Every structure is written in C-alpha cells, then in structure tokens.
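Chains as they are written, first to last, in my numbering: chain A, 1288 to 1747; chain B, 1288 to 1747.
Quick reminder that beta carbons are idealized off the backbone N, C-alpha and C, glycines included.
The structure displayed is predicted, hence computed values, not measured ones.
Number of protein chains: 2
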Amino acid sequence: MNVNLIKEFVAIVGKDQVFADEVDRQAYSYDAAVLMPQVPALVVMPETQEQLGKTVKLAYENGLPITVRGAGSNLSGAVIPSSADTVVILTNRLNRILEINEEDLYAVVEPGVITSVFAEAVSARGLFYPPDPGSQTISTIGGNVALNAGGLRGLKYGVTKDYLMGMDFFDCNGDLIKTGSRTVKCVTGYNLSGMMLASEGTLGVFSQIILKLVPPPKDSKAMMAVYDDIADASETVAAIIAAHILPCTLEILDKKCLTYIEAYTHAGLPVDAAAILLIEVDGSHAQAVEEDADKVIELCKKCGAKYINIAKDAAEKNKLWEARRNALPALARARPTTVLEDATVPRSKIPAMVAAVNRISEKYSLEIGTFGHAGDGNLHPTILCDRRNKEEFKRVEDAIDEIFDAALNLQGTLSGEHGIGIAKAKWMEKETNRATVNFSKKLRLALDPKYLFNAGKKIV
Amino acid sequence: MNVNLIKEFVAIVGKDQVFADEVDRQAYSYDAAVLMPQVPALVVMPETQEQLGKTVKLAYENGLPITVRGAGSNLSGAVIPSSADTVVILTNRLNRILEINEEDLYAVVEPGVITSVFAEAVSARGLFYPPDPGSQTISTIGGNVALNAGGLRGLKYGVTKDYLMGMDFFDCNGDLIKTGSRTVKCVTGYNLSGMMLASEGTLGVFSQIILKLVPPPKDSKAMMAVYDDIADASETVAAIIAAHILPCTLEILDKKCLTYIEAYTHAGLPVDAAAILLIEVDGSHAQAVEEDADKVIELCKKCGAKYINIAKDAAEKNKLWEARRNALPALARARPTTVLEDATVPRSKIPAMVAAVNRISEKYSLEIGTFGHAGDGNLHPTILCDRRNKEEFKRVEDAIDEIFDAALNLQGTLSGEHGIGIAKAKWMEKETNRATVNFSKKLRLALDPKYLFNAGKKIV
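Set out below in structure tokens:
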C-alpha cells in the first residue's frame, strides 16, 4: 500500500495500531473456514469509536475494500480479506462494556467485546445474556450480530436476533447512523439494526450495540439419554416439543462423534450407542424444573432410550457436557481438514436430514460425523478429510452440494448460524430466487456503491 | 383515474374488487389517526397473492402511489392515502391461514388475516401467538408486521418482531422476494424480513408471513393494586422487575382514566385512587405462578399499595381487565377528539415521564389521561380535545412536541408501537441525526425509486 496512505491511517490510530509488515498481515489472511487465505494490504486497529469511523471513512474514500474482523472465528470465510488491497479493520480494542442496566434490562457494548466476557459481566450483575455460540470464549458481540450467532440455547432462549435492541453503525461515508432504542418497544424509523443483523460486514461497520438482558434461570437439571437407534432420539426431540417443554439445551451426537470423542477424552461415553441426546431443562422455580425433568425422562424412555444418566449436580452436568464441548476438537483430530457444515431444517425433518447425510457420506465414501442442536433443527454434519487430496476434496464439495440440496428439499435453509460468507454465496439463488438475489444486490449497492464492504461475501 | 387503467385493474382482480365510486373511495380516506383524510383515486382488493403482485406491478409501472391497507386501524396516519392519485390496495381478501405447524412451532399466513382470528386458530391447536395489540380484533397480521405491533404482553413475551421468522413480499417490480425460513435459526441472505418489519408500507408489499408459535402458559393469576400515589405504582413496577419476575401484563391507569372509565362502566373502580396497576403473572406450572403472584402481592404492599384485589377466577379477572379495555373508549367519550400518544421510555423513567406529562398538561391547560404498558415503559398519554377548536389544537400540537422532547430527554423513543406514519416523521432527525434520516431515505429510494410506496410516511 502507498506509504502516504499508510501514514494517514497512522495519523488516526497511532503507529502501534497499524500493521503493514507482511508477517503481521499474514495473521489476518484467513478465518476458521476451509478456504484459501488472502493476505490483506493493511491491518488497522482503532481504539475508539471515533477512530473507527475515521478509519472507515479514509478507507472508503480511497477505494480500499474493507473487511471488519473481531476474532476471525467465522466458519464461512466472512472474515477472509476480499482481495490483496483490502484493509482489515480490527475491533479488538473496541472492547468496552459501556453500560449494564439492571433496572431496564439492557446493556450497551462496543463491537469487540468478547461474548463470554460480556455474558460473565452480565451474570455478575445477576442477569442473563443467553446466546452462546460455540466460539463464545473468543468471538465478539460485533461478530455475533454480523452473523446472527446462535448456540445451544436457541430453542428456548432464541438467538442474537432476539437480543438486538439497537445500534450505532458507520455507513460508507463514515457517518454515524443511529437505530433502535434502550426501550423494549421501539418502532421509530426503519428497523436498521434488524437489517444490519446477519449482514456479514457488507452494509456498514458497527460502532456500539444495545442488547437485551433477561432474568437468569434459578434452577436446572441436565441428563444424557442413550439410544440404539438415532430415529428414537429424533422421536424424543419431537415428543418433548409436543409436550410443550422447551429445554434450554437439546443436543444430539451420533455414533461417529461418540467414537471420536471417547478416543480423545476417555470419559466413558457409550460408544456402542447409535446416538445420545444431551438435555437440560431450566427455569425460575425448582419444582417446575423437577416436573419438566421428570416429564422429559419419561418421554425419553417412552421413545426407546436405552438408559438415561441424570446429572445430580453441576459437576456431573459439566462431565456430561464435556462430550458436546469436545465434539469438534475430537473430530478435528481425525484428519487434517475438518469441514463443519450448518444446513438447518425444521426439527420434524431431523430424521430425514440425518438419513440424507448418512446416505451422502456413503455415496461419496466420506467420513461424516453429525452433532448439533436437535431442538431447533440446526445440525452440524462434519466432514473429516484432507483438502490437499484434490480427488477427495472434490468429493467433499459434491457432498456439500447434496447436503444443501437435502436441507432445501426438507424446507430448510443453507445456514442456521455460521453465515453465507464466501462458502455458500453461490447457493443463495437456489434457496430463494433470482429476484431475491437481485433485490439484495440492489440493497447492498445502494448502501455501498463502491462495493467495498466485504466484497465477495454474502450476496455476489 | 383514467378509465382504461381502471379496466386493467379489473382485468387482474375482477370488477367486484375494484372501487372507483367516490362514496367507496371516501371510506378508505382515513385511518385512526387524528389527521386530515385524503380520498384516493382507486381502491383495489386482490383475492390471491398472485393478484396482489400483479396489482402492485400495474400500479407501480403506471406511476401510481400505493398505500396498502388492512384494517386501517393505524394511529399515526400510515394508512391515509398519500395523495389524490393513490391506489389503496386492500389485503382483506388475503386472509388465509395457510399453515399451522404444531411440530415445528410456526404458522404461515396471508397479510390480511385478522390478528385475534389467527391467535384463536393457534390456540385451538394448543399453541400460543402472544402479540396482542389493542386493535387485535380488527387489525391484520400484515399491519402488525408493518408497524411491529406491540400490545400488553410485550415485557414477557416480546412484540411482533420476536415472532417474525420470514416472509415473501413484492418489490417495486412486482417480483416476489423470499426471506427467512421455517426454521428457528436462519442466517441465509440478508435479514430482509427484519428490514420490512416496521417499514410502514414504504419498502414493499407483503405476500405471506411466517410466524413463530410458542407453547401456551398453563396457569395465570391476575390482580389490581390500588395506590394513593402514582410514584408508588411506578416503584412497584421497578421492584417486580428487580425481583426478576416478568408478568405477562403490567398495566398502569391514572386517576383521570379511572374517573372516565368509572363514569362509563360503573364497575366500582377506585376513583379516589391516584393510580392502579393491573398485573397478571403466568407460566407453565401452577405452583410457580402462585409463588410469583405471592411475591408480586408482597412487593405491591411493600411499595405502598392501599389494597390489592386478586381475581379468583377468569371471570373476576375479566372484570378487572374491563378497566383496561375501556380506557380508550371511556376517554374518547369526553371530547370530540382523542389524541392517543405513544412516546416510550425505559421503564425506570416512568415516574419522570408521568411527571412530565402532568406538567405539560398544566402548562397547556389540556386534559391528559395516562394509561399504558408500565412494564415496558410504553405509556399512552391521551389528550382530550376538539380539533375544530384551532386555538386549543395548537396547544395540543405544542404539548405533543413537548411530550416527545420529554421522552427523548429520558433516553426514550418517539414511538413504542403506533409507528411514525405521517404524524411523527418530522421528529425523526431529533431522535437520531441528519445522517440517519439521509441513510434511511437512501435505503427507501433504492427500493422504491419512483417514491410510490406510501409516500409521505415514516421517513420524509
């Protein structure tokens, strides 16, 4: 990049917050997706919202593509720099929790605040911020909003969308746009924060975010139900919902996942099982939680669970949850490349989706382990492979195509929580139609006429 | 309107669904706002989504302003035709409930479905659709989404925004745009349904809407708490939230409201009280509801409630709720014109807002009764006047200006649920800033380049 332009960025944020050396830029060339890296031209780390706005303005005025980055934990390439002349803008210094308001049940944060740090701060004030994406110990609120991050609690507590009350963001002119409110109800102006949600960095740059907080549950009960037939596990999920119980966690892991996790953790998992469900019910009254737990246990048995381990305290629950937490790390040990997919279906279609994934894994001779959020239909078929093996990776890409087809045929959607990024942009028309893609492009170009905000992502 | 053009509309929807006579057009010249009517050029009532799309396309191609109308119950003028050449498109025939899916907890409806009809159909299937705007027995789901309608259950159950999963809508080309999903989690494409939410008919025309359903509460308990000091009532609201109880209803009515309601209903309301709270707690377990109710009663007493009437059954609860249901009708009897305001503040600011409204009513020598959703800060100061009295109405308009100022100074917002419409468009910049208004206009004109979708509303 032109040395004078670099000086202008330095003038805004200071020389210690501008990274021009190649060895630094390399560190920001990739995210958590299995895609080719792209080294950016420059990396800039503003320290204040004002510096952020000026950085955006300077980059945009000079026609530089912009990719905003928090932790870079995105799984679809949304944070891979668009091109060699991209400026990566880091939000990590914008990590202030500006306000936690207990009376009015909201908080205001800068986009670089780490999700679990925020959740803990809220918890320390006696409140609850439920969205818990798998990346929460590193991912940022800004990233969560840009992707409408989900997590395990989606069925009962909702996802980031359900907690976004408003925001300030910078538009392509570096002007600050204000939307939403600190009030529960607000219909003033357009729902611009709704529009920015899940926009994957393509419509503007977040400056600060208003989030809803809720009272915390006071009690919970966790269990693991073990099945000889994954269909019985799926049936249990349906039965629990039909009984109008919304567990705060309702996760499924298949045999392949269990085998790999046990090989990694030696925790005594039932590796001969076809599948397990991890279920947690919670609520504000201990007796109600007990009643729900009893009902869930009854339903598990009725639907064919071989046995159920009930955690008698938090320590036992954590032991059970180890399985879920270790699913991805355990699978990732198997082969050099781990492709984590995210196609989502209505929960009643989980049996069909699981069957489809198994059929696809056989058809393409691939190892695929499936775990995920059975309660909300957001499964994660995980393909274990080596992308350096081009023949195998071609089979992987074809398998992914078929996984998407299967999800769409079951009235599902391409992505439940990981985003479209680079990886899924080409399927957008298949799920919607040409008019929707064109409309989305029109929207995008209206708000980003030079096509600089994360070009090549989301809608192409 | 040109007779040949009318024939083209007739060719789409049939002659019985096109209203050109003035006496018919007059009926669609106004909504529930206290604003000047505008007789449209034509009124068209499509019967199918396909007819709707063709109607939109024909109107847009011919440069005709379009105002979409469900019940016309909007309180801010959002459904008053923009101009004399406007085509009003009615959604009333698009009233099919297309799907209620119990397994996957969603429904799909056409925009003209009446909210309470939908809620009852959902209830008959053992599920719950909570948003209950005051207009629910006449307003439509399409109108609710266009305004992000609220209601009494907002604090605990959320508002329309929290139930909108996706939609199909027609853009200015009459093309069908598809967004969202039948799944709990979806980040595919832009959050276009979020963008359309609260857009007040200015960005497109809804064709069908996907709504989330939840399990119904199994038990509830209702009560009326009576206060000698409205500050004690406000303090009670704060105490209930601080105790982490979210009642499904938490309404306030002031002395003036009580006086008018009693004069209307003779129900034995405490007209010597300064204010009352109507509180309902609900949940899935009877004992938990009992415990919450006991806690609430204790807090009411602690905060100075003179006494509390607890409803022992549904009939008694309905009797108590009569007061709330009759607030607006009772106030509306007082004078020829009833101006129902909607400025909303964080709930901790309710005492200050109530004090401000009282100060304003004295300053401008106006009668203002205040009732509303104390739990979420969405109060409805209601000004009783006669708009034919120009001197008085000038004082009313100045008072409204000050009410908005007061709300904004308390970190509130112009509108909690009634929308911006015509009535509040000029205050948009005050709450946000010039850049936000310009950004919003840019968005609007990108999606509606001829400025035909409900011109003069929302953002001007």
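Q | Under 7 angstroms from the C-beta of GLU1718 (chain A): neighbouring residues of chain B | A | THR1475
Q: Have a look at GLN1336 (chain A) and LYS1302 (chain A) and give me their C-alpha separation to the nearest angstrom.
A: 17 angstroms
Q: With distances taken Cα to Cα, identify the nearest neighbour of GLY1706 (chain A) among A:LEU1537, A:SER1363, A:HIS1667, A:ALA1742.
A: A:SER1363
Q: For LEU1322 (chain B), collect the residues of the same chain with a Cβ closer than 7 angstroms to its Cβ; drop the 5 residues on either side in sequence, then sort them by chain order.
A: GLY1364, ILE1367, ILE1709, ALA1710
Q: Confirm, please, whether the CB-CB distance from ILE1637 (chain B) to SER1648 (chain B) is below 8 angstroms.
A: no
(Q) If you measure between the beta carbons of ASN1645 (chain A) and MET1510 (chain A), is that distance less than 8 angstroms? (A) no
**Q.** N- and C-terminal bounds of the beta strand (DSSP E) containing THR1657 (chain A)
**A.** Per DSSP, the unbroken beta strand (DSSP E) holding THR1657 (chain A) starts and ends at 1654-1660.
Q.
I'd like to check one pair, ALA1518 (chain B) with ILE1539 (chain B): are the Cβ atoms closer than 8 angstroms?
A. no
Q | Segments assigned beta strand (DSSP E), at least 3 residues, entirely inside the stretch 1307-1357 of chain B | A | Qualifying beta strand (DSSP E) stretches, in chain order: 1329-1331, 1353-1356.
Q: Would you kindly report the start and end of the unbroken beta strand (DSSP E) that includes ASN1388 (chain A)?
A: 1384-1388
Q: Using a Cβ-Cβ cut-off of less than 7 angstroms, list which residues of the stretch 1683-1696 of chain A approach chain B; keep chain order.
A: None of the residues of the stretch 1683-1696 of chain A has a beta carbon lying less than 7 angstroms from any beta carbon of chain B.
Q) Does ARG1469 (chain A) have its Cβ less than 8 angstroms from a Cβ in chain B? A) It does: the Cβ of ARG1469 (chain A) has a partner Cβ on chain B nearer than 8 angstroms.
Q | Best match in B:ALA1617, B:ALA1661, B:VAL1432 for proximity to ILE1527 (chain B) [C-alpha to C-alpha] | A | Comparing Cα positions, the closest option is B:ALA1661.
Q. Taking only runs of the beta strand (DSSP E) that begin and end inside the stretch 1533-1618 of chain B, which ones reach a length of at least 3 residues, in chain order?
A. You should have 1536-1541, 1562-1570, 1594-1597.
Q: Give the single residue among A:GLY1453, A:SER1422, A:ASP1419, A:VAL1374 whose Cα lies nearest to the Cα of LEU1396 (chain A).
A: Going by the sequence as given, residue 1396 (chain A) is Val instead of Leu. Closest option to VAL1396 (chain A), Cα to Cα, is A:GLY1453.
(Q) Spatial neighbours of ALA1580 (chain A) within its chain, please: C-beta separation below 6 angstroms, excluding the five flanking residues on both sides. (A) LYS1508, VAL1568
Q | Beta-carbon gap between VAL1492 (chain B) and ILE1376 (chain B) smaller than 8 angstroms | A | In contact: VAL1492 (chain B) and ILE1376 (chain B) (Cβ atoms closer than 8 angstroms).
(Q) Distance check for ARG1380 (chain B) and LEU1392 (chain B), CA to CA, integer angstroms please. (A) 25 angstroms
Q: Keeping to the same chain, check which residues put their C-beta closer than 6 angstroms to that of SER1480 (chain B); ignore five residues upstream and five downstream.
A: Exclusion of the five residues before and after SER1480 (chain B) leaves LEU1451, GLY1453, MET1454, THR1466, GLY1467 as the residues of its chain whose Cβ lies within less than 6 angstroms of its Cβ.
Q. In terms of DSSP beta bridges, what is MET1454 (chain B) paired with?
A. B:THR1466, B:ILE1496
Q. Looking at the structure shown, is TYR1444 (chain A) part of a helix, part of a strand, or coil, going by DSSP?
A. helix
Q | Residue-level contact to chain B via CB, ARG1634 (chain A), 8 angstroms cutoff | A | yes
Q.
Going by beta-carbon coordinates alone, are PRO1503 (chain A) and SER1410 (chain A) separated by less than 8 angstroms?
A. yes
Q. Rounded C-beta distance between VAL1300 (chain A) and PHE1457 (chain A)? I'm assuming under 8 angstroms.
A. Actually they do not touch by this definition, with Cβ atoms about 15 angstroms apart.
Q: Could you round the C-beta distance between PRO1352 (chain A) and ASP1372 (chain A) to whole angstroms and report it? I think they count as a contact, below 8 angstroms.
A: Confirmed, about 6 angstroms.
Q | Within 8 angstroms, strictly: CB atoms of MET1332 (chain A) and GLY1476 (chain B) | A | no
Q) For ASP1735 (chain A), does the count of other Cβ atoms within 10 angstroms reach 16, so buried, or fall short, so exposed? A) buried
(Q) So for ILE1670 (chain B), helix, strand or coil by DSSP? (A) strand
Q.
Just to check my reading of the structure: ALA1328 (chain B) and VAL1374 (chain B) have Cβ atoms closer than 8 angstroms, yes? What is that Cβ distance to the nearest angstrom?
A. Contact between ALA1328 (chain B) and VAL1374 (chain B) holds, with the beta-carbon distance rounding to 6 angstroms and staying under 8 angstroms.
Q. Under a Cβ-count criterion, where at least 16 other Cβ atoms within 10 Å of its own Cβ denotes burial, should ALA1420 (chain A) be classed as buried or exposed?
A. Note that residue 1420 (chain A) corresponds to Pro in the displayed sequence, not to Ala. Answer is buried; the Cβ neighbour count reaches 16.
**Q.** Close Cβ partners of GLU1549 (chain A) (< 7 angstroms) along its chain, the five nearest in sequence each way excluded
**A.** LEU1556, VAL1558
Q: Identify the continuous beta strand (DSSP E) that holds MET1510 (chain A) and give its terminal residues.
A: 1506-1514
Q: Specify whether the stretch 1622-1635 of chain B and the stretch 1688-1699 of chain B touch according to this definition: at least 3 beta carbon pairs, one from each stretch, less than 8 angstroms apart.
A: yes
Q: Answer yes or no: do CYS1535 (chain A) and TYR1444 (chain A) have a C-beta to C-beta separation smaller than 8 angstroms?
A: yes
**Q.** Sub-8 angstroms separation of LEU1751 (chain B) and CYS1544 (chain B) beta-carbons
**A.** This structure leaves residue 1751 (chain B) out entirely; chain B is present only between 1288 and 1747.
Q) Quick one: is ASN1665 (chain B) near chain A, going by C-beta distance under 8 angstroms? A) yes
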